[in-house]
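A.B. asks:
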Amino acid sequence: MITREDVRRVGWLSRIELEDSELDEYSRKMGLVLEYFGVLDEVGGDVDPTYHVLEIDNVFRDDVAGEMLSQGDALLNAREKRDGYFKSARIV
Amino acid sequence: MAYENRDRVKIGLEIHVQLNRLKTKIFCGCTTNYHGDPPNTHVCPVCLGLPGALPVVNRRAVEYAIRVGLALNCGINEHTQFYRKNYYYPDLPRGFQITQYDYPIAQQGHVTIEGEDGEHMVRINRAHMEEDPGRLVHEGTIDRSKYTLVDYNRSGIPLLEIVTEPDLRSPKEARRFLDKLRNIIEYLGVSDLDLEGSVRVDANVSIMDGNRTEVKNISSYKGAEKALLYEIVRQKNLIRRGKTVTQETRHFDEAREITVSIRTKEEAHDYRYFPEPDLVPLRVRDWVAKVKEELPELPDARKERFMTEYGVKAEHAKTLTGQLKLAQFFEDVVLDGVAPSMAATWIADVLKGELNYRDKTIESFKKEDLIEIIELLAENKITERSGVEIIRTLLDREGQNVPSIVKEKKLVKIESDEIDTAVKKAIEENKKAVDDYKDGKNEALNFILGSVMKKTRGRADPKKAREMIIQQIKEE
Amino acid sequence: MSIDRVRELVESVGIEEVLHRCSERIEENKLNTFITTDFEGALTRARKRDGNGGGRLQGVPVGVKDNISTRGIQTTCGSRILTGYVPPYDACVVERLKAEGAVIIGKTNMDEFAMGTSTETSYYGSVRNPWGRERVPGGSSGGSSAAVAGGEVPIALGSDTGGSVRCPASFCGVVGLKPTYGGVSRYGLISYANSLEQIGPIATSVGDVALLFDAIGGYDRRDSTSAEHEFDTSSALDSDVGVEGMRIGVPDEYFGEGTSGAVRDSVWNAIHTFEDLGATYEIVSMPHTRYALAAYYVIAMSEASSNLARFDGLRYGYRVEEGDWHTSFSRTRREGFGEEVKRRILLGTYALSAGYHDKYYLKALKVRTLVKRDFETAFKSCDLLLAPTMPYPAFKLGEKIDDPLSLYLSDVNTVPINLAGVPAISLPCGFEDDLPIGLQLIGNFFCEPTILRAAHCFEQSTDFHKRKPGDV
């Protein structure tokens with residue numbers, strides 16, 4: 029129900045590297061789950077979706093300064109940093 | 004005469020404006036005044052995308068967005084919701100940008116500009132709120148650097164994205180639109196557009212009903228015009244050579260003033276938009292009335308008012324209202340008692356030009372100085388030429404004031420005797436011109452007048468001098 | 296171990312000794328309930344408040360699920376991708392625990408990113424059930440529940456996205472509450488599925504769960520989905536007020552064919568116990584229950600695929616440095632995430648992607664509306680609903696882990712509650728082969744006092760909660 033190619037494409041969309049040898053197993057297991065999800069087709073579409081269960085709206089904060097992290101705390105968990113910046117592999 | 008638009012040029016613009024007059028970011032309390040500060044010093048768990056941190060909407064950001072929407076004659080949506088736009092880039096700390104997709108805050112407005120053939124209406128498709136990503140710094144050039152440095156100070160800065168319909172028909176119209184937009188935003192006080200990065204433009208261009216290309220990375224208004232000029236020529240050349248224009252995204256190289264194709268991964272972006280579960284919907288219809296009431300006077304209205312209230316000429320009104328501070332300067336001067344027509348002429352025709360030439364803003368000139376100059380002019384104590392000279396001196400030299408300049412340069416208008424002497428001398432020295440004048444060539448008079456003005460170092464009243472010249476020649 | 300008991304102990308032998316006993320118990324039990332313990336830090340913090348603290352949880356050791364941010368203490372979500380991540384801030388619930396004088400002794404083990412029903416997907420190893428070492432404790436808050444059941448801590452915090460507090464509470468014979476959505480701040484809870492999850496208290500008695508809920512619950516302006524509701528649970532445990540006249544609904548659909556005989560019997564016995572106490576019951580129908588599981592998983596996986604997009608190794612966590620950014624990023628996630636997490640991200644991405652968005656994600660949200668309406672209808676004639684928490688008691692380690700679908704199906708009674716956003720509590724109501732069986736009481740929005748009262752009454756009238764693992 030979900031092809032190897034679909035899995036590969038979704039893998040890229042999710043930025044999770046998948047080996048060719050894994051595609052079949054992923055496709056099988058995911059296929060089983062998607063097949064189960066098929067039960068949703070039995071339900072008609074004539075109802076509004078619920079995005080939020082509580083009927084809250086208009087939650088705001090004032091335009092007032094809050095606490096900021098120190099540079100040290102911001103970079104605390106970064107494995108690669110330099111001169112106060114986060115250091116990433118080059119982006120093409 | 005309607006604009007032909009032979010090439011059927013269609014330009015649509017997407018302008019991102021930072022609402023940097025807000026004190027804090029759109030979803031957290033980090034301060035927005037990060038320019039000049041070290042990297043990653045205006046961040047918190049929310050805008051850094053730390054796991055577990057949640058966004059909360061800045062109320063004033065919504066007010067500002069409504070302000071802009073109303074100024075662009077848009078309808079403000081009753082129900083508006085933030086969405087997630089999912090994609091991956093190092094400057095995007097959560098792996099998604101919180102933006103608006105369905106239900107933008109403002110829709111379907113218009114702005115009138117001076118187009119190629121008079122007034123031209125540019126429709127606004129929508130204006131929506133979103134957050135700025137962080138900033139990437141490349142070591143060396145973008146294609147040769149081994150790594151990329153990331154600063155999240157900018158992450159979460161409130162942005163308003165304004166999208167036009169493809170109603171612009173030339174690079175000039177695009178430039179005029181951007182100028183108008185800048186003007187309006189300046190008047191609204193929601194953004195300081197002089198700050199670096201405060202405005203970014205993407206343009207969509209097509210000609211002859213062909214495919215359109217998107218041009219990104221335009222960061223100045225001049226750049227926009229150049230980018231569009233280049234792109235249109237490029238497309239025309241392609242068509243002339245029998246090729247078709249491919250639909251693609253191109254990058255504007257500001258330095259070389261060309262657009263370059265971006266060879267990115269083939270994948271069309273699938274942003275998988277869905278409503279942001281951590282943010283509840285906004286219902287802001289009843290804010291509109293209040294915001295509308297509190298809207299400051301906009302450029303067009305101010306221009307009209309200058310014309311009706313002060314009798315200022317249309318041309319002058321347009322120039323004066325073209326910059327908020329200039330308009331303010333004018334009104335301040337008028338409120339202090341100066342005749343509006345004088346003030347308009349001297350500010351729009353003289354002062355502005357002198358400022359532009361020196362790359363200065365109206366803030367470098369004191370209104371008291373202008374008032375003094377105009378007073379001297381009104382009392383006939385100096386000539387117009389002297390007035391100009393005083394302005395120039397004030398701009399070029401530090402710590403000067405009007406009286407001291409007048410004294411130093413002896414600019415007080417001279418008495419009739421001095422003029423009389425100068426006229427006599429000028430007539431003596433310019434026999435040919437006198438003869439030409441007698442022969443009926445009136446322009447020769449200007450030549451003699453010029454000589455008189457030179458001799459009196461501009462302090463003579465040209466009108467009086469002219470009369471005297473004519474008189475003396477007659478009496479010859 | 297109850298809160299009162301522990302407070303007495305702290306008074307008599309001192310906090311240091313109490314913490315020492317906790318530590319020893321954890322060692323003895325070898326249930327792998329904690330990923331990180333911080334006894335030194337705990338002692339330091341406890342001592343600082345010695346004498347001047349008047350909090351309701353003063354000196355009480357607590358275990359916090361490892362997806363809740365704790366400043367200065369490693370927070371991993373049971374994943375390799377967050378190994379070594381030390382948050383620079385505390386979650387709201389952690390701040391509140393500290394304000395009440397509770398002593399956080401460590402971070403409890405869990406299914407990776409809360410995705411699981413058995414706590415078998417943790418990078419840090421499975422957790423064992425104190426009632427049977429070869430059995431799962433339930434999940435994803437398995438560490439928290441087993442720690443409480445195993446007498447390591449009297450109270451713990453878990454999180455419940457599709458049953459992750461109630462399921463392990465049921466399997467471990469303790470009490471666990473999933474609050475009304477919005478009842479407890481999610482600020483600091485590392486998101487798996489934002490529109491479904493809540494942090495929930497776990498303890499050995501209803502009274503302790505109520506106290507813990509009081510301590511951590513309530514409005515937080517840093518969470519836009521936080522409800523401005525003032526909970527009043529104090530009257531819930533008032534012994535004068537019982538369940539006389541309470542109308543209990545028993546949803547037909549929650550006794551599916553996978554339900555074991557013992558579970559059926561125990562739950563029906565519970566219903567009769569309530570009748571004896573003066574309540575009445577009726578069978579109700581919640582017709583959209585059969586679609587709830589699929590809807591839940593589609594929504595949860597979709598939200599998760601987006602929530603977990605931030606784990607790229609740049610700002611924190613595990614990182615593979617190879618090639619350009621996209622390559623580095625993809626490899627980091629390949630190695631950093633476990634199989635179940637990867638699968639859910641892929642499925643979630645698929646469900647949101649162009650062409651499938653309406654069929655899966657949007658449709659699931661529509662089903663959610665219908666499930667929510669089922670509850671609204673039921674609550675028109677009932678004060679609360681009663682059902683088994685899980686269809687069976689704890690299964691064996693390894694029994695279901697290779698069959699994801701079978702594992703998902705265990706959540707059939709718990710997920711509808713998360714879809715609707717209503718509160719529910721699980722407490723022990725029987726045993727099957729010496730393994731606990733959980734009773735689930737479900738209330739309407741903000742009706743925690745109702746379900747706490749009913750639960751408390753049931754507890755007072757029965758002895759199930761008195762039995763401990765190891766008693767035969």
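Chains as they are written, first to last, in the working numbering: chain V, 29 to 120; chain C, 4 to 479; chain Z, 296 to 767. Ideal placement from N, C-alpha and C gives every residue a C-beta, glycine not left out.
1) Hey, does Ala589/Z have any beta-carbon neighbour from chain V nearer than 7 Å?
2) Can you list, in chain order, the residues of its chain with a C-beta nearer than 7 Å to that of Glu269/C? Leave out the 5 residues immediately preceding and following it.
3) What did DSSP end up calling Glu199/C once you bin it into helix, strand or coil?
4) Going straight from the alpha carbon of Lys413/C to that of Val71/C, what length do you get?
5) What span of residues does the alpha helix (DSSP H) with Ile350/C cover, start to end?
6) For Phe624/Z, go through chain V and note every residue whose CB falls closer than 7 Å to its CB, in chain order.
7) Once you ignore the five residues that flank Thr247/C on each side, which residues in its own chain have a CB closer than 8 Å to its CB?
8) Once you ignore the five residues that flank Ala682/Z on each side, which residues in its own chain have a CB closer than 6 Å to its CB?
9) Who are the Cβ neighbours of Ala381/C in its own chain at under 8 Å, not counting the five residues just before and after it?
10) What are the partner residues of Ala682/Z, as DSSP defines its beta bridges?
11) What is the DSSP secondary structure of Ile44/V, counted as helix, strand or coil?
12) Grab the span of the alpha helix (DSSP H) containing Gly100/V for me, first residue to last.
13) In terms of residues, what are the limits of the beta strand (DSSP E) holding Thr151/C?
14) Assign Glu492/Z to one of two classes, buried (16 or more other C-beta atoms within 10 Å of its C-beta) or exposed (fewer than that).
15) Let me see if you follow: with CB-CB separation under 7 Å, is Val662/Z close to chain V or not?
16) For Pro284/C, would you say it is in contact with chain V, using Cβ-to-Cβ distances shorter than 7 Å as the test?
17) Report yes or no: is there a C-beta of chain V within less than 7 Å of the C-beta of Leu232/C?
18) Mind listing the chain C neighbours of Arg107/V? Cutoff is C-beta to C-beta under 9 Å, in chain order.
19) Tell me whether Gln250/C is buried or exposed, calling it buried when 16 or more other Cβ atoms sit within 10 Å of its Cβ.
20) How is Asn602/Z classed by DSSP in three states: helix, strand or coil?
21) Which one of Tyr313/C, Ala425/C, Leu196/C, Lys384/C has the shortest CA to CA distance from Lys21/C?
22) Within this structure, are the beta carbons of Val470/Z and Leu722/Z separated by less than 7 Å?
23) Can you pull the DSSP bridge partners for Val114/C?
24) At a Cβ threshold of 7 Å, is Met96/V touching chain C?
25) Using 8 Å for Cβ pairs, my map puts Val405/C next to Met471/C. What's the rounded Cβ distance?
26) Judging by CA-CA distance, which residue of His123/C, Asp40/C, His319/C is the nearest neighbour of Ala5/C?
27) Who are Lys88/C's beta bridge partners in DSSP?
28) Tell me where the alpha helix (DSSP H) around Cys326/C begins and ends.
29) Any C-beta of chain Z sitting closer than 7 Å to the C-beta of Arg32/V?
30) Using 8 Å as the Cβ pair cut-off and three pairs as the minimum, do the segment 484 to 504 of chain Z and the segment 591 to 602 of chain Z touch?
31) Taking the alpha-carbon of Val308/Z as reference, which of Gly354/Z, Thr414/Z, Pro582/Z has the nearest alpha-carbon?
32) Could you spell out where the beta strand (DSSP E) holding Lys28/C opens and where it closes?
33) Quick check for students: name the residue ranges of the alpha helix (DSSP H) that lie wholly in the segment 160 to 199 of chain C, counting only runs of 4 or more.
34) Among the residues of its own chain, which have a CB less than 7 Å from the CB of His218/C, if the five just before and after it don't count?
35) Cα separation between Ser500/Z and Ser440/Z?
36) Quick test of your reading: Leu41/V and Thr644/Z, contact by CB under 8 Å. State the CB separation rounded to the nearest angstrom.
C.D. replies: In this structure, then:
1) Within the third sequence, the letter at position 294 stands for residue 589/Z. Closer than 7 Å to some Cβ of chain V, the Cβ of Ala589/Z qualifies, so yes.
2) Counted from its first residue, the second sequence places residue 269/C at position 266. Below a pLDDT of 50, predicted positions are generally treated as unreliable, and Glu269/C, at 45, falls in that range; no measurement from the model is reported.
3) As a first step, residue 199/C must be located in the second sequence, where it is residue number 196. If DSSP states are grouped into helix, strand and coil, Glu199/C belongs with coil.
4) The count along the second sequence starts at 1 and reaches residue 413/C at position 410. The count along the second sequence starts at 1 and reaches residue 71/C at position 68. Across the structure, Lys413/C and Val71/C are spaced so that their CA atoms are roughly 51 Å apart.
5) Position 347 of the second sequence, counting from 1, holds the residue named residue 350/C. Neither: Ile350/C is in no alpha helix (DSSP H) and is coded neither H nor E.
6) Along the third sequence, one-based indexing puts residue 624/Z at 329. For a Cβ distance threshold of 7 Å, residue set Arg43 of chain V lies close to Phe624/Z, ordered along the chain.
7) Mapped onto the second sequence, residue 247/C falls at position 244. Cβ contact annotation for Thr247/C (same chain, cutoff 8 Å, sequence separation greater than five): Gly213, Asn214, Leu241, in chain order.
8) Translated into the one-based positions of the third sequence, residue 682/Z becomes position 387. Excluding positions up to five away in sequence, the list reads Pro546, Tyr549, Asn708, Gln735.
9) Taking the first residue of the second sequence as 1, we reach residue 381/C at position 378. The residues are Ala342, Met345.
10) For the purposes of this step, residue 682/Z is taken as residue 387 along the third sequence, with counting starting at 1. Per DSSP, Gln735/Z.
11) Here residue 44/V refers to the residue found at position 16 when the first sequence is read from its first residue. Looking at Ile44/V - three-state DSSP - the assignment turns out to be coil, as it is neither helix nor strand.
12) By one-based count along the first sequence, residue 100/V stands at place 72. From DSSP, the alpha helix (DSSP H) with Gly100/V extends over 99 to 103.
13) In the second sequence, the residue the question calls residue 151/C occupies position 148. Its beta strand (DSSP E) spans residues 150 to 154.
14) Locating residue 492/Z in the third sequence gives position 197, counting from the first residue. Residue environment for Glu492/Z: buried (at least 16 other C-beta atoms within 10 angstroms of its C-beta).
15) As a working mapping, residue 662/Z is identified with position 367 in the third sequence. Look at Val662/Z: its C-beta is under 7 Å from a C-beta on chain V.
16) Along the second sequence, one-based indexing puts residue 284/C at 281. Between Pro284/C and chain V, the shortest Cβ-Cβ separation is below 7 Å.
17) Your numbering for residue 232/C matches position 229 in the second sequence. Leu232/C does not count as touching chain V.
18) Here the question's residue 107/V lines up with position 79 in the first sequence. When 9 Å is used as the limit between beta carbons, Arg107/V is near no residue of chain C, the shortest such separation being about 13 Å.
19) Position 247 of the second sequence, counted from the start, is the residue given in the question as residue 250/C. It counts as exposed.
20) As a first step, residue 602/Z is located in the third sequence; it is residue number 307 there, counting from the start. Three-state result, Asn602/Z: helix.
21) For the purposes of this step, residue 21/C is identified with residue 18 of the second sequence, where counting begins at 1. Checking the displayed sequence, the identity of residue 21/C turns out to be Gln instead of Lys. Answer by Cα proximity: Leu196/C.
22) The count along the third sequence starts at 1 and reaches residue 470/Z at position 175. The count along the third sequence starts at 1 and reaches residue 722/Z at position 427. Closer than 7 Å, so yes.
23) In the second sequence, the residue the question calls residue 114/C occupies position 111. When DSSP reads this structure, Val114/C sits in a beta bridge with Val125/C.
24) For the purposes of this step, residue 96/V is identified with residue 68 of the first sequence, where counting begins at 1. By this cut-off, Met96/V is an interface position.
25) Along the second sequence, read from residue 1 onward, the residue named residue 405/C stands at position 402. Along the second sequence, read from residue 1 onward, the residue named residue 471/C stands at position 468. No, Val405/C and Met471/C are not in contact; Cβ-Cβ is about 28 Å, not under 8 Å.
26) Residue mapping note: residue 5/C aligns to position 2 of the second sequence, counting from 1. Minimum Cα distance to Ala5/C is reached at His123/C.
27) Stepping through the second sequence from its first residue, residue 88/C is reached at position 85. Paired residue(s): Gln100/C.
28) In the second sequence, counting from the first residue as 1, residue 326/C sits at position 323. One point to set straight first is that residue 326/C is Gln, not Cys, in the sequence displayed. Where Gln326/C is concerned, there is no enclosing alpha helix (DSSP H), because DSSP gives it neither an H nor an E.
29) Taking the first sequence and counting its residues from 1, the one referred to as residue 32/V is at position 4. Cβ-Cβ to chain Z under 7 Å: no for Arg32/V.
30) Between the segment 484 to 504 of chain Z and the segment 591 to 602 of chain Z there are three or more inter-stretch CB-CB distances shorter than 8 Å, so the stretches are counted as touching.
31) Here residue 308/Z refers to the residue found at position 13 of the third sequence. The shortest C-alpha separation from Val308/Z is found at Gly354/Z.
32) The count along the second sequence starts at 1 and reaches residue 28/C at position 25. Here Lys28/C belongs to no beta strand (DSSP E), and DSSP marks it neither H nor E.
33) Scanning the segment 160 to 199 of chain C for uninterrupted alpha helix (DSSP H) segments of 4 residues or longer gives 174 to 191, listed from N- to C-terminal end.
34) Numbered from its first residue, the second sequence carries residue 218/C at position 215. The question names His, but residue 218/C is Val in the sequence shown. Residues of the same chain with a CB within less than 7 Å of the CB of Val218/C, apart from the 5 flanking positions on each side, are Asp205, Ala206, Val208, Ala230, Glu234, Arg253, Phe255, Thr262 in chain order.
35) For the purposes of this step, residue 500/Z is identified with residue 205 of the third sequence, where counting begins at 1. For the purposes of this step, residue 440/Z is identified with residue 145 of the third sequence, where counting begins at 1. C-alpha separation (whole angstroms): 12 Å.
36) Taking the first sequence and counting its residues from 1, the one referred to as residue 41/V is at position 13. Taking the third sequence and counting its residues from 1, the one referred to as residue 644/Z is at position 349. Taking a contact as a CB-CB distance under 8 Å, the pair Leu41/V and Thr644/Z counts as one, their CB atoms being some 5 Å apart.
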